[in-house]
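Presented below is the structure to which this report refers.
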Amino acid sequence: TQLLEQSPQFLSIQEGENLTVYCNSSSVFSSLQWYRQEPGEGPVLLVTVVTGGEVKKLKRLTFQFGDARKDSSLHITAAQPGDTGLYLCAGRAPGNNRLAFGKGNQVVVIP
Amino acid sequence: NAGVTQTPKFQVLKTGQSMTLQCAQDMNHNSMYWYRQDPGMGLRLIYYSASEGTTDKGEVPNGYNVSRLNKREFSLRLESAAPSQTSVYFCAMEREGFDEQFFGPGTRLTVL
Numbered sequence: 164t165q166l167l168e169q170s171p172q173f174l175s176i177q178e179g180e181n182l183t184v185y186c187n188s189s190s191v192f193s194s195l196q197w198y199r200q201e202p203g204e205g206p207v208l209l210v211t212v213v214t215g216g217e218v219k220k221l222k223r224l225t226f227q228f229g230d231a232r233k234d235s236s237l238h239i240t241a242a243q244p245g246d247t248g249l250y251l252c253a254g255r256a257p258g259n260n261r262l263a264f265g266k267g268n269q270v271v272v273i274p
Numbered sequence: 045n046a047g048v049t050q051t052p053k054f055q056v057l058k059t060g061q062s063m064t065l066q067c068a069q070d071m072n073h074n075s076m077y078w079y080r081q082d083p084g085m086g087l088r089l090i091y092y093s094a095s096e097g098t099t100d101k102g103e104v105p106n107g108y109n110v111s112r113l114n115k116r117e118f119s120l121r122l123e124s125a126a127p128s129q130t131s132v133y134f135c136a137m138e139r140e141g142f143d144e145q146f147f148g149p150g151t152r153l154t155v156l
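Taken in sequence, the protein lines are chains L and Z.
For the first sequence, our numbering assigns the number 164 to the initial residue and increments by one for each residue that follows.
For the second sequence, our numbering assigns the number 45 to the initial residue and increments by one for each residue that follows.
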């Protein structure tokens, strides 16, 4: 059973469109991280959300942590081809000494 | 990927051969990790090291050994490579207290 479920697994959109991807769990997390991985490279940390209900913005990317700290969403406004990549969420559940990763949301932005 | 280096970047092995994947970090963090990434499987933890001289098994440790001889370096060894170990291997370090990991560029390993 995957601790963190990401949906949709794959999303293809046209440049300029908006998109939202999700990271869900039945467990409570003290924090969640979002990473982006481009082809042939390692994941790169984008943001960490810590407080339930927290919203963080990184240029056209908006990250939200659920009020109950069990889920998170990533919204991209006016997507660009440079946003193409695999978006991974990760978190450490209380009492667990390992970081859990979701399987990722593969986003393709078509020019 | 600043701060974590991995060598080699690509490797092809024959079944039964051995090799060591090298990882080094320059940010003085205690915790280091080895993952493998396969299509549809996500990142799976092989081994991790909470500090110099200590190592622990992760989710998929069979067929691998690790060594953390000093704070900076964490190596992953395949004693007898198998085709099932064809994968992309990532080393990562963790910033203490923040649950944030920083990854190397990966080693793409093919076992024939």
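Cβ atoms here follow ideal geometry from the backbone N, Cα and C, with glycine treated the same way.
None of the values given here were measured: they were computed from a predicted structure.
Bounding residues of the beta strand (DSSP E) (the contiguous stretch that carries residue i)
i, result
"Asp100 (chain Z)", "Thr98 to Lys101"
"Lys58 (chain Z)", "Unbroken run through Lys58 (chain Z): none, as it is neither H nor E."
"Met85 (chain Z)", "Taken as a continuous stretch (DSSP letters only), Met85 (chain Z) belongs to no beta strand (DSSP E), as it is neither H nor E."
"Ser170 (chain L)", "Glu168 to Ser170"
"Tyr198 (chain L)", "Leu195 to Gln200"
"Met137 (chain Z)", "Ser131 to Arg139"
"Ala68 (chain Z)", "Met63 to Gln69"
"His238 (chain L)", "Asp234 to Ile239"
"Ser175 (chain L)", "Phe173 to Gln177"
"Val48 (chain Z)", "Val48 to Thr51"
"Val104 (chain Z)", "That residue, Val104 (chain Z), is in no beta strand (DSSP E); it is neither H nor E in DSSP."
Contact list for residue i against chain L, beta-carbon separation under 7 Å
i, result
"Pro127 (chain Z)", "Correct list: empty, because the minimum Cβ distance to chain L is about 22 Å."
"Asp70 (chain Z)", "Under the 7 Å cutoff, chain L gives no residues; its nearest Cβ is about 15 Å from Asp70 (chain Z)."
Nearest-angstrom Cα separation, counted from residue j out to residue i
i, j, result
"Leu262 (chain L)", "Ser235 (chain L)", "16 Å"
"Glu144 (chain Z)", "Lys101 (chain Z)", "20 Å"
"Gly258 (chain L)", "Gln129 (chain Z)", "30 Å"
"Tyr133 (chain Z)", "Tyr250 (chain L)", "18 Å"
"Val110 (chain Z)", "Leu65 (chain Z)", "9 Å"
"Arg112 (chain Z)", "Phe118 (chain Z)", "5 Å"
"Asn72 (chain Z)", "Arg116 (chain Z)", "7 Å"
"Arg139 (chain Z)", "Pro127 (chain Z)", "33 Å"
"Val210 (chain L)", "Cys252 (chain L)", "10 Å"
"Thr154 (chain Z)", "Met63 (chain Z)", "12 Å"
"Gln55 (chain Z)", "Gln69 (chain Z)", "21 Å"
"Glu201 (chain L)", "Gly245 (chain L)", "9 Å"
"Glu103 (chain Z)", "Ile90 (chain Z)", "6 Å"
"Thr247 (chain L)", "Gly229 (chain L)", "25 Å"
Beta-carbon proximity check, residue i vs residue j, cutoff 8 Å
i, j, result
"Gly203 (chain L)", "Ala241 (chain L)", "no"
"Cys67 (chain Z)", "Gly150 (chain Z)", "no"
"Ile239 (chain L)", "Leu182 (chain L)", "yes"
"Ser131 (chain Z)", "Gln61 (chain Z)", "no"
"Arg232 (chain L)", "Val184 (chain L)", "no"
"Gly267 (chain L)", "Leu195 (chain L)", "no"
Proximal residues of chain L, C-beta to C-beta of residue i below 9 Å
i, result
"Pro149 (chain Z)", "Gly203, Glu204 and Gly205"
DSSP bridge partner residues for residue i (one or two, in chain order)
i, result
"Asp246 (chain L)", "DSSP output for Asp246 (chain L) lists no bridge partner at all."
"Asn268 (chain L)", "L:Tyr250"
"Thr211 (chain L)", "L:Gln196"
"Ser93 (chain Z)", "Z:Met76"
"Asn187 (chain L)", "L:Glu168 and L:Asp234"
"Ala263 (chain L)", "L:Gly254"
Under 7 Å from the C-beta of residue i: neighbouring residues of chain Z
i, result
"Phe264 (chain L)", "Gly86 and Leu87"
"Gln196 (chain L)", "Asp143 and Glu144"
"Arg232 (chain L)", "Near Arg232 (chain L) there are no residues of chain Z at all, since even the closest Cβ is about 13 Å away, more than 7 Å."
Contacts that residue i makes with chain L (C-beta to C-beta distance below 8 Å)
i, result
"Phe146 (chain Z)", "Leu208"
"Gly102 (chain Z)", "Arg261"
Contacts of residue i in chain Z (Cβ-Cβ under 9 Å)
i, result
"Thr211 (chain L)", "Phe142, Asp143 and Glu144"
> What are the residues of the stretch 132-144 of chain Z that lie near chain B, defined by any Cβ-Cβ distance shorter than 7 Å?
Replying inline: Here chain B cannot be found, since the structure's protein chains are L and Z.
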